[in-house]
Amino acid sequence: MNEELVDIPFWPFKKKKRLLSRERFLQSRPVINPAIKTEESEDGAVVLVIPVERSGVPNVVSKTLSIPEQKKVQLDEVGSKVWRKIDGKASMSDLSKWMEDEFKISQREAEISLNTYFQKLTERGLVGMIVPLPKPGTQEAVEEAAELKKRSKELQELQHKGKITEEELKEAQRQIDNSLEAIGESDTKKESA
Amino acid sequence: MKSIGWLEMSMMVPDNWDLVAESGGLSEAFMRFDSVDRTQMELKWERTKKRGDALPLLALDGYVKEVTKSMKDKKSLVVIEKGNARVSDHKASFSTWKVKDDSFITTCWLCPNEGKIVLVQYTLAPGETKDDKFEEILRGIQCHTDEDFYPYRLFGTKFRVPKDYRLSTRKILVGRFRATFMHGSSLLYVSSIGLAKEQLKKHKTLGQLFNSGEAKEARKIPGISALAKKIKDTDEVIDLSQTSKGTIPFITGDKKNRLKIYLDEAFNKVFIAGYSCKPDEVGRADAFIESLEGCE
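Protein chains in written order, with my numbering: chain A, 1 to 193; chain B, 1001 to 1296.
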């Protein structure tokens, strides 16, 4: 339950790269951004159809210049095969084992390839990662707690601006508190300790 | 356990170990093996003309002193045991020592067969004993061979290199590597390209794959570059050879050149092997090319 909260919306690799242990990386599950549609090219490769944000471009200009509302990115042979395996259930460990068999590569090669590939996909917001919570007492837990507390403040600001309701804030805060407790970084727990 | 052969050494290591760093090849070499969570073993050798039973012990003591010197707290390194053992048919000196919670076995021996002094350091995990690791890994390290070729076996690829050829250049990437070996003005080239079937879907044929960026280093090698121009757009095994005239009359002699490119479907790899060598080296260079194959 807690794990869902940490990573949706998508893993913010772009802002700051947080170190992820190999164990957590392998337990992570990639999920495709629902805004991304896919097509198939003539040679069977996956083509990602990515909606283009129009912020700052007046409608008149966009209509006159016929700026496309979406861009297409064609994945290569390997990228397409991996993309088709993303179903929200398969973990990185599952994908790594599948890659070893499919492409006859070593475990290390598979993990490095997946790490590089998914960093690129997450940087572009095409894929999100559902990452399990870190173990209490680790550096990762401290970093995660800082991130969750920052998130909590952001949510309070959103509620203050009227972008989310008080009920939504309470529910999100409850989940954050649960996560902080699960990773041993809750303030109340620390005080009692 | 899996078999590894690299930089004139061969050994059996646990399946979850990987070679993560390596250097040298001419007068010295270094290799480091990691498992997923820690450094497991480091190996270094240097060519030496020195001989003598005391040499490994002196080198080992010197090494432990160097490690102690490099530490802030000089007293944190504690030597637990010192002694002798047999490794690769040689008398080796060993030392087990610890720094705080980390324990190590360092062993050193002289290989008079090939004039090398070898130092290996194994990091003991909690619960592991020196005796177990000597039996399992250290005793099986081979620093010399009686054959005329060194076995190379890494990255799902194996081949044999004539003993007097030294690893000169290499580039190791995820799923592929290439290396050159030199002996005088003779050169051997090997390249292994992973995800071969997927690469061939992109480049269509072996010829096009070779002429793409995948093999641009091979195309820069004199002798092989001349053969590269003759490559036809084919899916079949490419095996070309020719003789090139010396560039400086009466000084540089003729060279025999060969280039072979083929797909190993079972291991999903494209292998490229070639040589540019003196005519009297052809037999050994051909044996090098023919020994190239995929492996687990």
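Every residue, glycine too, gets a C-beta built ideally from N, C-alpha and C.
Mark residue i as exposed unless 16 or more other C-beta atoms lie within 10 angstroms of its C-beta, in which case mark it buried.
i                       : result
residue 145 of chain A  : buried
residue 1167 of chain B : buried
residue 1199 of chain B : buried
residue 104 of chain A  : buried
residue 15 of chain A   : For residue 15 of chain A, the predicted structure reports a pLDDT of 46, less than 50, and the residue's modelled location is therefore unreliable. A value from the coordinates is still provided. The residue in question, residue 15 of chain A, is exposed, as its Cβ has fewer than 16 Cβ neighbours within 10 Å.
residue 1292 of chain B : buried
residue 1176 of chain B : buried
residue 1157 of chain B : buried
residue 1173 of chain B : exposed
residue 1223 of chain B : buried
residue 1294 of chain B : buried
residue 1215 of chain B : buried
residue 99 of chain A   : buried
residue 1 of chain A    : Below a pLDDT of 50, predicted positions are generally treated as unreliable, and residue 1 of chain A, at 34, falls in that range; the measurement from the model is reported next regardless. Answer is exposed; the Cβ neighbour count stays below 16.
residue 1107 of chain B : buried
residue 1089 of chain B : exposed
residue 101 of chain A  : exposed
According to DSSP, what are the bridge partners of residue i?
i                       : result
residue 1191 of chain B : B:1178 and B:1272
residue 1122 of chain B : B:1041 and B:1105
residue 194 of chain A  : With chain A running from 1 to 193 in the structure shown, residue 194 of chain A is simply not present.
residue 1071 of chain B : In the DSSP output, where bridge partners are listed per residue, residue 1071 of chain B has none listed.
residue 1001 of chain B : Per DSSP, none; premise fails for residue 1001 of chain B.
residue 117 of chain A  : Per DSSP, none; premise fails for residue 117 of chain A.
residue 1084 of chain B : B:1093
residue 1162 of chain B : B:1149
residue 1205 of chain B : Residue 1205 of chain B pairs with nothing; no bridge assigned.
residue 127 of chain A  : A:32
residue 74 of chain A   : A:47
residue 1254 of chain B : DSSP lists no partner for residue 1254 of chain B.
residue 1098 of chain B : B:1078 and B:1103
residue 1022 of chain B : B:1031
Roughly how many angstroms lie between the CA atoms of residue i and residue j, to the nearest whole one?
i                       : j                       : result
residue 1014 of chain B : residue 1141 of chain B : 13 Å
residue 1299 of chain B : residue 1008 of chain B : The structure shown does not extend to residue 1299 of chain B, since chain B spans only 1001 to 1296, so no value can be given for it.
residue 1112 of chain B : residue 1049 of chain B : 9 Å
residue 75 of chain A   : residue 46 of chain A   : 6 Å
residue 110 of chain A  : residue 161 of chain A  : 45 Å
residue 1003 of chain B : residue 171 of chain A  : 55 Å
residue 1069 of chain B : residue 1063 of chain B : 10 Å
residue 1124 of chain B : residue 23 of chain A   : 22 Å
residue 1281 of chain B : residue 27 of chain A   : 53 Å
residue 182 of chain A  : residue 80 of chain A   : 37 Å
residue 1116 of chain B : residue 1040 of chain B : 22 Å
residue 1213 of chain B : residue 70 of chain A   : 31 Å
residue 148 of chain A  : residue 140 of chain A  : 12 Å
residue 20 of chain A   : residue 1021 of chain B : 22 Å
residue 5 of chain A    : residue 1060 of chain B : With a pLDDT of only 33 at residue 5 of chain A, under the threshold of 50, the placement of this residue in the model should not be trusted, and no figure is reported.
residue 72 of chain A   : residue 25 of chain A   : 28 Å
residue 1120 of chain B : residue 1044 of chain B : 6 Å
residue 12 of chain A   : residue 42 of chain A   : Reliability of the predicted coordinates at residue 12 of chain A is poor, the pLDDT of 39 falling under 50, and the value obtained from them is presented with this limitation in mind. C-alpha separation (whole angstroms): 34 Å.
residue 1231 of chain B : residue 143 of chain A  : 55 Å
residue 1036 of chain B : residue 1266 of chain B : 27 Å
residue 3 of chain A    : residue 89 of chain A   : Caution is warranted here: a pLDDT of 36 is assigned to residue 3 of chain A, below 50, making its placement in the model unreliable, and the coordinate value is therefore given only provisionally. Going by the C-alpha atoms only, they are around 14 Å apart.
residue 194 of chain A  : residue 133 of chain A  : The structure shown does not extend to residue 194 of chain A, since chain A is modelled only from 1 through 193, so no value can be given for it.
residue 1242 of chain B : residue 1201 of chain B : 30 Å
residue 1006 of chain B : residue 179 of chain A  : 47 Å
Quick one: what's got a C-beta closer than 6 Å to residue i's C-beta in the same chain, skipping five residues either side?
i                       : result
residue 1096 of chain B : 1080, 1081, 1105 and 1130
residue 1225 of chain B : 1219
residue 1170 of chain B : 1179
residue 9 of chain A    : In this predicted model, residue 9 of chain A has a pLDDT of only 36, less than 50, meaning its place in the structure is not dependable enough to derive any value.
residue 1301 of chain B : As shown, chain B starts at 1001 and ends at 1296. That puts residue 1301 of chain B outside it, with no answer to give.
residue 1260 of chain B : 1239, 1273 and 1289
residue 984 of chain B  : Lying outside 1001 to 1296, the shown extent of chain B, residue 984 of chain B is not represented and no answer is given.
By Cβ distance below 7 Å, which residues in the same chain neighbour residue i in space, the five residues on each side in sequence not counted?
i                       : result
residue 1067 of chain B : 1077
residue 1277 of chain B : 1186, 1187, 1255, 1256 and 1285
residue 1233 of chain B : 1205, 1207 and 1208
residue 135 of chain A  : 141
residue 1245 of chain B : 1254
residue 52 of chain A   : 68, 69, 70 and 71
residue 91 of chain A   : 26, 27, 28 and 29
residue 83 of chain A   : 46 and 75
residue 166 of chain A  : 159
residue 1279 of chain B : 1254 and 1256
Leaving out five residues before and five after residue i in sequence, what residues of the same chain have Cβ atoms less than 8 Å from its Cβ?
i                      : result
residue 127 of chain A : 10, 30, 31, 32, 33, 86, 118 and 121
residue 196 of chain A : Past the edges of chain A, shown from 1 to 193, lies residue 196 of chain A, and the structure says nothing about it.
residue 193 of chain A : Low confidence applies to residue 193 of chain A: its pLDDT is 47, below 50, so where it sits in the model is not reliable enough to give any reading.
residue 163 of chain A : none
Spell out a yes or no on whether the segment 1156-1173 of chain B and the segment 1132-1144 of chain B are touching, meaning 3 or more CB-CB pairs, one atom from each, closer than 8 Å. Too few Cβ pairs lie closer than 8 Å, so no.
Between the segment 1265-1273 of chain B and the segment 1190-1209 of chain B, can you find at least three pairs of beta-carbon atoms closer than 8 Å? The segment 1190-1209 of chain B is in contact with the segment 1265-1273 of chain B.
How do the segment 1053-1065 of chain B and the segment 1074-1094 of chain B stand: do at least 3 beta-carbon pairs fall below 8 Å, yes or no? Three or more beta-carbon pairs separated by less than 8 Å link the segment 1053-1065 of chain B to the segment 1074-1094 of chain B, which places the two stretches in contact.
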